[in-house]
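Student: Mind having a look at this structure? Questions to follow.
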Amino acid sequence: DVGALVEGVTKLGKLNLITKKAEQAENFRKLLIAISSDVRVLLIKMADRLHNMRTLEYVKPSTRKRISEETMDIYAPLAGRMGMQWLRDELEEHSYRWLNEEAYFTLTQKLSEMRKKNKGLIQEIEEELRTKLKESGYNAEVSHREKRPYSIWRKMDHKQISLEQLSDIYGFRVIVKSVDECYRVVGMAHTTWRAVPGRFKDYISNPKQNDYRSIHTSIVGPRYQRVELQIRTREMHRVAEYGIAAHALYKDESLAQTPPLTSENKMASSSAYQWLRRLVDQLLEGDNPEEFLEHTRLELFHDQVFCFTPRGSLIALPRGACAVDFAYAVHTDIGNKCVGSKINGRNMPLRTILRNGDEVQILTSDAQTPQPSWERFVITGKARSSIRRATKETRRNQYYEIGEMVLARAFQRIEKVFEVSKIESSLHRFPHTNANDVIVAVGRGELPSS
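Encoded structure:
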């Protein structure tokens, strides 16, 4: 086992993901195939990368920039998708520091000033939350966290606002015993303090694709400060911290089941692991690695929207996905046969961009085949690769029919009947492995019929 892990990590150590696009794509392909066989290889590689980032100041500036770009592009988003949020935060933090030094030091200086200015306020809010929870009968853990410079910069850039306008620089985490208590604590917080409209997110009933579960809400708390609360159970906190590693490696006796659930089964049932498996399945189906890398990056960086099937099943998609992406997310056959969609009961075009909470019904027909034009508006890798594969298959079938007709006429001219078996007996004369490929080549005009 140890030997296999060392060999896996050693192979990954030779990959340089910031090279020419074709090489980068092929290296990323190797990375995913290596880690899919044993996810622990990914965990070791991530630990190795984290150590490299922590000691980056000792390497020359050009190498520092290359490693930081590679980390920001590939490893940090991958850590996020695998549910290891603390690791993603730290990888992004180090990358941001060396890719944008001036902005990083300006932000850290401003945060330091804010810390001095708010000295005592954080403890006061934390203490008041703890007191209110105790009075309401909840034995909860309360802690606070400060948003990291890169997260702050990204939010300021995305929303085009100043540092002073950010309301969630300081967040508070409330850890309780059960899911029931999570919702009760939300009720207690909203009746004690005023809730901030539009700032409530329920990731317990709608978990993220990386298995993250928690309730987020914002309140106007003590001293009229806006306070973000994250409310979760101990198990949710463990998965939020360790992600796929919580399923893969760490055994929690309190989770014992009858029959016991093995760590492999836990990991296989994880959404993050299923996402990884889907990527590998796409690779094994023979997609162009450059296109695959482009689609994967899109999915790594997109936020999510959550939509429902008519039966209530939840489908998570990247933001900007349309009804065709939804159809392929449900099943490849449904995507290939879709002819229309009903969104919240109304007939809508297939290119309609989906929003959180939409109920989507896909209308299908056995006579339908994927349209090449769909590729212009779908954004998920699965949809694009399936459309491309089906289009190639349709084109191949057309060339096969043309090839059959051409050969039938050629045989007719010499007063013989065309049979596929006659090609099979002469395969050694052609640069093809089977008779079907020969017929398709004739249809394309690559081989003469005579």
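Reminder that position 174 of the sequence shown reads as 917 in our numbering, one-by-one numbering, no gaps.
Glycine residues also receive a C-beta, built at the ideal position from the N, C-alpha and C atoms.
Since this is a predicted model, take the numbers as computed values, not measurements.
#1: Check whether the region 918 to 928 touches the region 947 to 961, taking contact to mean three or more Cβ pairs, one atom from each stretch, closer than 8 Å.
#2: For Glu836, which residues from the same chain have a beta carbon less than 8 Å from its beta carbon, with the 5 sequence-adjacent residues on both sides left out?
#3: So, is Gln866 buried or exposed, given that buried needs 16 or more other C-beta atoms within 10 angstroms?
#4: Since Thr1123 and Ala1072 should fall inside the 8 Å C-beta cutoff, what is the C-beta to C-beta distance between them, to a whole number of angstroms?
#5: Comparing C-alpha positions only, which one of Ser1128, Ser948, Trp896 and Leu909 sits nearest to Met979?
#6: Less than 8 Å between the C-beta atoms of Val1082 and Ala1064, yes or no?
#7: Could you please give me the residues that DSSP links to Met1091 through a beta bridge?
#8: Could you give the DSSP three-state label for Thr1204: helix, strand or coil?
#9: On the DSSP bridge list, what partners appear for Glu1102?
#10: According to DSSP, Lys944 sits in a beta bridge with which residue or residues?
#11: Around the C-beta of Asp900, are 16 or more other C-beta atoms found within 10 angstroms, so that it is buried, or is it exposed?
#12: Just to confirm, are Val982 and Asp945 a CB contact at a threshold of 8 Å?
#13: Give the straight-line distance between the Cα atoms of Gly826 and Asp1180, rounded to the nearest whole angstrom.
#14: Just to confirm before moving on: does the CB-CB distance between Thr976 and Lys920 stay below 8 Å?
#15: Please go through the same chain and pick out, in chain order, the residues whose beta-carbon is closer than 6 Å to the beta-carbon of Ile1189, but skip the five residues on each side of it.
#16: Return yes when the Cβ of Ala883 is within less than 8 Å of the Cβ of Val917, no when it is not.
#17: If you reduce the DSSP assignment to three classes, tell me which class Leu804 lands in.
#18: Output the distance between the C-alpha atoms of Gly1186 and Ala1151, rounded to the nearest integer angstrom.
#19: Identify the continuous alpha helix (DSSP H) that holds Glu1118 and give its terminal residues.
#20: Between which two residues does the alpha helix (DSSP H) carrying Thr798 extend?
#21: What is the rounded straight-line gap between the Cα of Thr1052 and the Cα of Asn1090?
#22: Can you name the residues that DSSP bridges to Arg916?
#23: Measure the beta-carbon distance from Lys1085 to Leu1057 and round it to whole angstroms, keeping in mind my assumption that it falls under 8 Å.
#24: Mapping the DSSP letters down to three states, classify Pro1174 as helix, strand or coil.
#25: DSSP state of Leu909, grouped into three classes?
#26: Please confirm whether Glu870 and Gly914 have their CB atoms less than 8 Å apart.
#27: Could you say which of Leu864, Arg969, Lys877 and Ser905 lies nearest to Trp936 if we only look at CA atoms?
Tutor: According to the structure data:
#1: Taking a cut-off of 8 Å on C-beta distances, the region 918 to 928 touches the region 947 to 961, as three or more cross pairs fall below it.
#2: What you label residue 836 is simply residue 93 of the sequence shown in a count that begins at 1. Counting only residues of its own chain and dropping the five nearest sequence neighbours on each side, Glu836 has a CB closer than 8 Å to the CB of Arg891, Pro892 and Tyr893.
#3: Against the sequence shown, residue 866 aligns to sequence position 123. Label assigned to Gln866: exposed.
#4: If you number the sequence shown from 1, residue 1123 lands on position 380. If you number the sequence shown from 1, residue 1072 lands on position 329. The beta-carbon distance between Thr1123 and Ala1072, rounded to whole angstroms, is 7 Å. This is short enough to meet the 8 Å contact definition.
#5: Working through the sequence shown from its first residue, we reach residue 979 at position 236. Closest by C-alpha distance to Met979, out of Ser1128, Ser948, Trp896 and Leu909, is Ser948.
#6: As a position in the sequence shown, residue 1082 is number 339, starting the count at 1. As a position in the sequence shown, residue 1064 is number 321, starting the count at 1. Contact: no.
#7: Here the question's residue 1091 lines up with position 348 in the sequence shown. Bridge partners of Met1091 according to DSSP: Ser1084.
#8: This structure leaves residue 1204 out entirely; the chain is present only between 744 and 1193.
#9: Locating residue 1102 in the sequence shown gives position 359, counting from the first residue. Secondary-structure assignment with DSSP links Glu1102 through a beta bridge to Phe1051.
#10: Here residue 944 is taken as the residue at index 201 of the sequence shown, counted from 1. According to the DSSP secondary-structure assignment, Lys944 is paired through a beta bridge with His959.
#11: Here residue 900 is taken as the residue at index 157 of the sequence shown, counted from 1. Looking at its Cβ environment, which holds fewer than 16 other Cβ atoms inside 10 Å, Asp900 is exposed.
#12: Translated into the one-based positions of the sequence shown, residue 982 becomes position 239. Translated into the one-based positions of the sequence shown, residue 945 becomes position 202. No, Cβ-Cβ distance for Val982 and Asp945 is not below 8 Å.
#13: In the sequence shown, counting from the first residue as 1, residue 826 sits at position 83. In the sequence shown, counting from the first residue as 1, residue 1180 sits at position 437. Here the alpha carbon of Gly826 sits roughly 45 Å from the alpha carbon of Asp1180.
#14: By 1-based counting over the sequence shown, the position of residue 976 is 233. By 1-based counting over the sequence shown, the position of residue 920 is 177. Against a cut-off of 8 Å, the Cβ pair of Lys920 and Thr976 comes out as a contact.
#15: By 1-based counting over the sequence shown, the position of residue 1189 is 446. One detail in the question is off: residue 1189 reads as Glu in this sequence, not Ile. Correct list: empty, nothing qualifies.
#16: Position 174 of the sequence shown holds residue 917. Position 140 of the sequence shown holds residue 883. Going by beta carbons, Val917 and Ala883 fall inside the 8 Å limit.
#17: Here residue 804 corresponds to residue number 61 of the sequence shown, with the count starting at 1. Residue identity differs from the one stated: residue 804 is Pro in this sequence, not Leu. Helix at Pro804.
#18: As a first step, residue 1186 must be located in the sequence shown, where it is residue number 443. As a first step, residue 1151 must be located in the sequence shown, where it is residue number 408. The alpha-carbon atoms of Gly1186 and Ala1151 are separated by roughly 12 Å.
#19: On the sequence shown, residue 1118 is found 375 positions in, with the first residue counted as 1. Unbroken run through Glu1118: none, as it is neither H nor E.
#20: On the sequence shown, position 55 is the one that residue 798 refers to. Thr798 -> no alpha helix (DSSP H), and no H or E assigned at all.
#21: Sequence index remark: in the sequence shown, residue 1052 carries index 309 (1-based). Sequence index remark: in the sequence shown, residue 1090 carries index 347 (1-based). Whole-angstrom Cα-Cα distance: 15 Å.
#22: Here residue 916 corresponds to residue number 173 of the sequence shown, with the count starting at 1. Bridge partners of Arg916: Ser886 and Gln973.
#23: For the purposes of this step, residue 1085 is taken as residue 342 along the sequence shown, with counting starting at 1. For the purposes of this step, residue 1057 is taken as residue 314 along the sequence shown, with counting starting at 1. Between Leu1057 and Lys1085 the Cβ distance is about 18 Å, and since that is not below 8 Å, they are no contact.
#24: Looking up residue 1174 in the sequence shown gives position 431. Coil, per DSSP.
#25: The residue you call residue 909 lines up with position 166 of the sequence shown. Residue state, collapsed to three classes: coil.
#26: Here residue 870 refers to the residue found at position 127 of the sequence shown. Here residue 914 refers to the residue found at position 171 of the sequence shown. No, these two residues do not count as a Cβ contact at 8 Å.
#27: Taking the first residue of the sequence shown as 1, we reach residue 936 at position 193. The shortest Cα separation from Trp936 among Leu864, Arg969, Lys877 and Ser905 belongs to Arg969.
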